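Asks: Just passing along the structure, written as structure tokens.
Numbering (our numbering), first residue to last: 233 to 562.
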């Protein structure tokens with residue numbers, strides 16, 4: 233495994249991030265534990281989750297699965313850089329209650345204690361804001377975070393799904409207040425087929441020293457050889473990937489992508505991950521394996537070297553927006 237610094241921090245993290253969203257809803261506890269063991273054995277030390285994972289009536293279950301894995305001992309917690317998130321309402325569906333979601337100081341305090349209990353740990357390495365909160369000022373948010381850092385409950389803070397201007401606003405206010413170093417990472421939707429983050433989010437992250445953690449690196453399976461799998465009678469596309477393939481122009485684009493990688497003898501999903509690892513500012517993409525085999529495929533991407541010829545061809549199939557502001561101005 234290869235490692236890098238997380239943004240401007242001294243924290244060393246693996247260039248693949250183990251996403252755990254499938255743990256519980258699609259992967260049982262025993263198999264989830266096996267995947268985490270395999271990831272740690274392979275050198276992946278950065279695990280990502282969220283308090284709402286498990287979804288519906290099972291919100292929090294994914295954190296519980298990770299907590300029971302930590303409880304097995306064997307230095308599992310010590311070797312893991314643990315990231316979780318706060319924002320979503322943790323009350324049972326249809327039973328929401330004021331102040332049980334978003335980023336008020338009240339909810340942050342409540343949410344971090346609940347996550348610590350489920351995760352069976354006394355601290356969280358990276359506590360992430362899952363979404364912007366338009367109603368809570370950053371002065372209040374940072375005051376709550378400063379308290380948690382002083383209490384030793386969290387070490388660093390990251391954002392997820394933030395626009396570039398919110399990254400700037402958050403860190404400028406943090407700098408004016410002193411104390412916390414502000415945001416150190418941003419999780420954003422970023423992959424070959426979805427490159428809008430290059431316009432503002434990634435430049436802002438680079439300017440303020442945040443590590444970029446792309447989620448959905450295969451665009452919901454679209455970049456994982458979906459057409460070939462359909463032809464071979466495998467798993468059919470669903471969700472975002474199926475919607476995209478319903479458009480003839482988009483389907484032709486994905487077919488060109490798969491044809492190009494077949495010409496180079498590469499697996500589409502592994503190449504899509506390897507492409508992200510070449511992008512400026514990217515710390516590492518989040519991979520969310522449902523099986524041990526999917527984890528093995530993701531691991532191969534770290535060692536994959538993409539030629540300049542191939543990178544140019546990928547840009548031709550999936551052109552990015554270009555640098556900002558030239559992409560939308562002169």
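Where a beta carbon is used, it is the ideal one built from N, C-alpha and C, also for glycine. Keep in mind that this is a model prediction, so the values were computed, not measured.
Report yes or no: do the segment 404-418 and the segment 526-541 share at least 3 C-beta pairs separated by less than 8 Å?
Replies: No, the segment 404-418 does not touch the segment 526-541.
Asks: Does the Cβ of residue 408 have 16 or more other Cβ atoms within 10 Å, making it buried, or fewer, making it exposed?
Replies: The count along the chain shown starts at 1 and reaches residue 408 at position 176. It counts as exposed.
Asks: Relative to the C-alpha of residue 272, which candidate in 295, 240, 311 and 517 has its C-alpha closest?
Replies: Taking the chain shown and counting its residues from 1, the one referred to as residue 272 is at position 40. Per the Cα distances, 311.
Asks: DSSP has residue 360 in a bridge; who is on the other side?
Replies: Walking along the chain shown from the start, residue 360 turns up at place 128. DSSP, once it has assigned bridges, lists 317 and 390 as partnering residue 360.
Asks: For the 8 Å Cβ check, are there 3 or more pairs between the segment 449-463 and the segment 496-506?
Replies: At 8 Å Cβ cutoff, the stretches touch.
Asks: Could you tell me whether the Cβ atoms of residue 387 and residue 358 are closer together than 9 Å?
Replies: Walking along the chain shown from the start, residue 387 turns up at place 155. Walking along the chain shown from the start, residue 358 turns up at place 126. Yes, the pair counts as a contact, with Cβ atoms nearer than the cut-off.
Asks: Given residue 337, which residues of its chain have a CB within under 7 Å of its CB, disregarding the five upstream and five downstream residues?
Replies: As a working mapping, residue 337 is identified with position 105 in the chain shown. Excluding residues within five positions, the ones whose Cβ falls inside 7 Å are 372, 375 and 376.
Asks: Would you kindly report the start and end of the unbroken beta strand (DSSP E) that includes residue 446?
Replies: For the purposes of this step, residue 446 is taken as the residue at position 214 of the chain shown. Here the beta strand (DSSP E) through residue 446 covers 443-447.
Asks: Where residue 401 and residue 259 are concerned, what is the direct C-alpha to C-alpha distance, given to the nearest angstrom?
Replies: If you number the chain shown from 1, residue 401 lands on position 169. If you number the chain shown from 1, residue 259 lands on position 27. Each residue's alpha carbon lies about 38 Å from the other.
Asks: Check whether the segment 285-294 and the segment 248-257 touch, using three or more Cβ-Cβ pairs below 8 Å as the test.
Replies: Taking 8 Å as the limit for Cβ pairs, the verdict is that the segment 248-257 does touch the segment 285-294.
Asks: Is residue 306 near residue 352, with beta carbons less than 9 Å apart?
Replies: By one-based count along the chain shown, residue 306 stands at place 74. By one-based count along the chain shown, residue 352 stands at place 120. No, they are not a contact pair.
Asks: With contact counted as at least three CB pairs below 8 Å, one residue from each stretch, are the segment 380-396 and the segment 425-442 in contact?
Replies: Touching, yes, given that three or more Cβ pairs across the two stretches are closer than 8 Å.
Asks: CA-CA distance, residue 520 and residue 251?
Replies: As a first step, residue 520 must be located in the chain shown, where it is residue number 288. As a first step, residue 251 must be located in the chain shown, where it is residue number 19. Those two C-alpha atoms are separated by around 4 Å.
Asks: Which one of 394, 321, 549 and 293 has the shortest CA to CA distance from residue 493?
Replies: Here residue 493 refers to the residue found at position 261 when the chain shown is read from its first residue. It is 549.
Asks: Can you give me the C-alpha to C-alpha distance between residue 243 and residue 237, rounded to a whole angstrom?
Replies: Numbered from its first residue, the chain shown carries residue 243 at position 11. Numbered from its first residue, the chain shown carries residue 237 at position 5. So the alpha carbons of these two residues sit roughly 6 Å apart.
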